[in-house]
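**Q** Please read through the structure below; I'll follow up with questions.
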Amino acid sequence: MAVEKIGEGLVRIGAMTQEQRNQVIEKQNEGDERMFGEIAIDLGYINDEIIMNYINSRFN
518 MAVEKIGEGL
528 VRIGAMTQEQ
538 RNQVIEKQNE
548 GDERMFGEIA
558 IDLGYINDEI
568 IMNYINSRFN
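For the sequence shown, the numbering used here assigns the number 518 to the initial residue and increments by one for each residue that follows.
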């Protein structure tokens with residue numbers, strides 16, 4: 518079974534758009550070494566609660 522990347526999961530559940538996901542990945546490709554969630558939060562796309570709920574749902 519393939520592991521779902523966090524950006525894909527956040528788009529799947531409607532927490533982010535595909536365009537927002539792409540913008541975060543673009544920042545990473547440009548050299549931003551932060552984790553996906555950190556960048557997405559800084560850009561205002563999501564918040565800590567959304568990240569934690571998504572992560573918790575993956576383990577329950």
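Built from N, CA and C at the ideal position, the CB exists for glycine as well.
Quick caveat, the model's predicted, so the values are computed rather than measured.
Just the Cα atoms here: how many angstroms apart are M532 and K522?
**A** Note that residue 532 is Ala in the sequence shown here, rather than Met. Going from the Cα of A532 to the Cα of K522 covers about 14 Å.
**Q** Indicate the three-state DSSP secondary structure (helix, strand or coil) for I567 in the structure shown.
**A** helix
**Q** Indicate the three-state DSSP secondary structure (helix, strand or coil) for I558 in the structure shown.
**A** helix
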